[in-house]
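Structure first, commentary second.
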């Protein structure tokens, strides 16, 4: 008899079903496909040569400690190194206010675990980061949208929402957002800080891309305007190596204690060796050389994409010019369904993500597209956008 | 205003409260304490010197792939290496039937996530591994006990339980169990395999210690007797390095698909670099030299403990002689509460774990103790047991 065990599945798996986007993106791995669909760093951005020295330093300095069980909250030298790293962003905390997780995905999962009872409201930008939704889904929340424009969420919309609903937390990617590349403006940060303080609300500020700024002035994290109301989460995935799975957060004390309890049950602690490597990367001066290199790698790729869009996309298509990050967000004219363009583009060996998948409701963002520029070089980017332009012109 | 956010906590946190054992064990970190309370490998068991070469080999062989995002199910070369490793235990699977997690703790968390709806029954040995209970608690199960003796769970008890209750899964540490050191006998494995097949039940077989055999013949995993009804989970924590957080499992296909979906939402994937290190450790011949060294390190420590127990513990105290693992389980006479002995022992700078904390119900296992012998050397072990014997004699 073939065993199936479908009857053993928990109720929450109903909420974790593979989503439509994963199905349409299956073709992206076809040979010869030029993909603007991903959201992953270029391999050339990794400090591969330096890893030989960094590894040796870790073994010399930490020895067996780098291989042993460690604290749930994180490897102490790494948390000290993170204190200095986040201070550059204007976040001033002590090492015991920082917790290390298996990538920021695991920060989001653990936050959802301690906060969401099935049916609770979680407020999202529109469009929003899909990975967060997939972390939260397992805990069966109800999502509510906050009105969003090119400067991020609209303060009045948030104020209304908090005045009329019980919201467990508000999830925001505040800088170079995924999927839109948008940055919540300084004025909006101040306004939103006032609003969440007024309502004693909790924000989860996810900041994976903030360090990837190609132009313009850095904007302080929302956390700095309302530290008692914000869980600030970030990652080393875009500035060191995503394969090491190192995310971290700082949170109000009571929530930190619960995050710690939840993490202990979920995985005991994060990889000690990876944390030791990251400690050396941060404190050994490597990041100070590598981060400018990463930015110098991505800036011309973004410029190549923007230039090619100017040259090859019709005037009816609009896009913003984010000052950093990994994505450009395109909005086609009314009546366009970017999934139609997607299938035509894929026939011509170019892939991207139709933006409608980042919205909560069917019918939203039909004409939008997310284009990634970090993974391929300038010439390939120009070819891809040229092809995309041809497909769009044919589509009419 | 001080923000607290206690009102934001999810219902499940009620089930995740810090347990009593963590509180009583706080004193273990006092200076000068000799601890038999832990369950962690000796630092001398790590292949520290070899790590220099292993690291270099990983960077040479896998380059940027070892630092990049990777598959949720695990790094493909590592899963191939695990195929050969589990074949030594009699488990014959292909690499796509194996999944890698952040330690076996994360295997347990993810299994619970996809299977437990609040209130579902999970069947446990008595006593049982506390880490598993802390992983499961977040999903709000109801626990039921299976009768257990020195040969593991009693088949008739399991048969009755499955005949009269709906059980989501049965959680067993089948070899050198934590906390008892007991191994489910060969006859019992066969009987239990028949029972779970008959009821189409699901077993989670956790096997962290099976490779740490000092004497006697290996017993095939329960999985080998009922592969369609068992999720087999193991770890490299005790045979390589726990700080790398590498657990793995094989599961029936439908459950594997759901584990994968759940893991993608929880942490995307396990540390690629750690998996690459482990690949080299397994395929480069390192494990074949290191595992005998680990066993040669622990065997005399266990012997020293058993000899000292013979010499210093009263005849009214009983213990078994496990053929491997990390623990010896002691049972005092009726009327003894080992927590009283614990506090007296701690005053004399020796710590262990009172066994009652591994039972589901108050009043069970009052006179039991779990003693770990892997972390300290033979002379220190003898001193600790001598002190423990003196404390017990004074306790009367």
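Protein chains in written order, with this note's numbering: chain A, 305 to 700; chain B, 305 to 700.
Ideal Cβ placement from N, Cα and C applies to all residues, glycine included.
Because the structure is a prediction, the values reported are computed rather than measured.
Residue i to residue j span [Cα, whole Å]
| i | j | result |
| --- | --- | --- |
| residue 409(B) | residue 540(B) | 12 Å |
| residue 695(A) | residue 645(A) | 7 Å |
| residue 465(A) | residue 649(A) | 39 Å |
| residue 382(B) | residue 598(B) | 22 Å |
| residue 312(A) | residue 561(B) | 14 Å |
| residue 698(A) | residue 618(A) | 11 Å |
| residue 524(B) | residue 326(B) | 34 Å |
| residue 306(B) | residue 529(A) | Any reading at residue 306(B) is ruled out, since the residue's pLDDT is 46, under 50, leaving its predicted position unreliable. |
| residue 639(B) | residue 663(B) | 17 Å |
| residue 355(B) | residue 363(A) | 8 Å |
| residue 582(B) | residue 665(B) | 40 Å |
| residue 324(B) | residue 458(B) | 28 Å |
| residue 549(A) | residue 549(B) | 12 Å |
| residue 434(B) | residue 686(A) | 57 Å |
| residue 378(B) | residue 405(B) | 8 Å |
| residue 591(A) | residue 624(A) | 29 Å |
| residue 347(A) | residue 488(B) | 48 Å |
| residue 251(A) | residue 335(A) | Because residue 251(A) is not part of the residues shown, which for chain A are 305 to 700, the question remains open. |
| residue 497(B) | residue 428(B) | 16 Å |
| residue 351(A) | residue 385(B) | 27 Å |
| residue 651(A) | residue 556(A) | 50 Å |
| residue 478(A) | residue 467(A) | 22 Å |
| residue 689(A) | residue 633(A) | 13 Å |
| residue 388(B) | residue 407(A) | 29 Å |
| residue 357(B) | residue 614(B) | 44 Å |
| residue 559(B) | residue 444(A) | 20 Å |
| residue 569(A) | residue 376(A) | 10 Å |
Within chain B, partners of residue i - CB distance below 7 Å
| i | result |
| --- | --- |
| residue 569(A) | 320, 413, 438, 439, 441, 442 |
| residue 373(A) | 344, 546, 547 |
| residue 623(A) | The premise fails here: residue 623(A) is roughly 26 Å from chain B at the closest Cβ pair, so nothing lies under 7 Å. |
Interface residues of chain A facing residue i [CB-CB closer than 7 Å]
| i | result |
| --- | --- |
| residue 647(B) | Correct list: empty, because the minimum Cβ distance to chain A is about 25 Å. |
| residue 308(B) | 558 |
| residue 472(B) | 312 |
| residue 566(B) | 320, 442 |
Presumed contact (8 Å Cβ cut-off) between residue i and residue j, rounded CB distance
| i | j | result |
| --- | --- | --- |
| residue 343(B) | residue 482(B) | 6 Å |
| residue 643(B) | residue 626(B) | That pair is no contact at about 23 Å. |
| residue 314(A) | residue 420(B) | 5 Å |
| residue 595(B) | residue 515(B) | 6 Å |
| residue 511(A) | residue 538(A) | 5 Å |
| residue 493(A) | residue 526(A) | 5 Å |
| residue 340(A) | residue 676(A) | 5 Å |
| residue 691(A) | residue 605(A) | Contact flag wrong, Cβ pair sits at about 17 Å. |
| residue 670(B) | residue 641(B) | 5 Å |
Partner residues on chain A for residue i, Cβ-Cβ distance less than 8 Å
| i | result |
| --- | --- |
| residue 354(B) | In chain order: nothing, as chain A lies at least about 10 Å away. |
| residue 417(B) | 314, 316, 442 |
| residue 350(B) | 368, 371, 372 |
Listed by chain order, chain B residues near residue i by CB distance under 9 Å
| i | result |
| --- | --- |
| residue 446(A) | Within 9 Å Cβ-Cβ: nothing; residue 446(A) doesn't reach chain B, min ~14 Å. |
Chain B contact residues for residue i, given Cβ-Cβ distances below 8 Å
| i | result |
| --- | --- |
| residue 420(A) | 314 |
Partners in chain A for residue i, counting only beta-carbon separations shorter than 9 Å
| i | result |
| --- | --- |
| residue 509(B) | Those do not exist, as residue 509(B) stays about 15 Å from chain A at its closest Cβ, beyond 9 Å. |
| residue 347(B) | 367, 368, 369, 371, 372 |
| residue 465(B) | Here the premise fails: no neighbours, minimum Cβ distance about 16 Å. |
| residue 528(B) | The premise fails here: residue 528(B) is roughly 16 Å from chain A at the closest Cβ pair, so nothing lies under 9 Å. |
Three or more C-beta pairs closer than 8 Å, one from the region 464–474 of chain B and one from the region 390–409 of chain B: is that the case here?
No, the region 464–474 of chain B does not touch the region 390–409 of chain B.
Residues within the region 390–414 of chain B neighbouring chain A, beta-carbon criterion of under 7 Å:
If the cut-off is 7 Å between Cβ atoms, the region 390–414 of chain B has 406, 407, 409, 410, 413 near chain A.
Of the residues that make up the region 569–589 of chain B, which ones have a beta carbon closer than 8 Å to any beta carbon in chain A?
Interface annotation for the region 569–589 of chain B against chain A: 569, 570, 571, 572, 573, 574, 575, 576, 577, 578, 581, criterion Cβ-Cβ distance under 8 Å.
Taking only beta carbons into account, state which residues of the region 356–370 of chain A come closer than 7 Å to chain B, listed in chain order.
Within the region 356–370 of chain A, the residues whose Cβ lies closer than 7 Å to some Cβ of chain B are 356, 359, 360, 363, 367, 368, 370, listed in chain order.
Could you list the residues in the region 550–563 of chain A with a C-beta less than 7 Å from some C-beta on chain B, going in chain order?
Listed by position, the residues of the region 550–563 of chain A near chain B (Cβ gap below 7 Å) are 556, 558, 559, 562.
Touching by the beta-carbon criterion (3+ pairs, under 8 Å), the region 576–591 of chain A and the region 368–377 of chain A:
With a cut-off of 8 Å, the region 368–377 of chain A and the region 576–591 of chain A count as touching, because enough Cβ pairs lie within range.
Sufficient close CB pairs (3 or more, under 8 Å) joining the region 437–450 of chain B to the region 411–420 of chain B:
Contact holds: three or more Cβ-Cβ distances are below 8 Å.
Against chain B, which members of the region 651–662 of chain A pass a CB distance test of less than 7 Å?
Cβ contacts with chain B: none found.
Members of the region 670–682 of chain B that neighbour chain A once the beta carbon cut-off is set at 9 Å
Listed by position, the residues of the region 670–682 of chain B near chain A (Cβ gap below 9 Å) amount to none.
With 8 Å as the limit, tell me which residues of the region 486–509 of chain A have their beta carbon closer than that to any beta carbon of chain B; keep them in chain order.
For the region 486–509 of chain A, which is checked against every Cβ of chain B, the residues closer than 8 Å are 504, 506.
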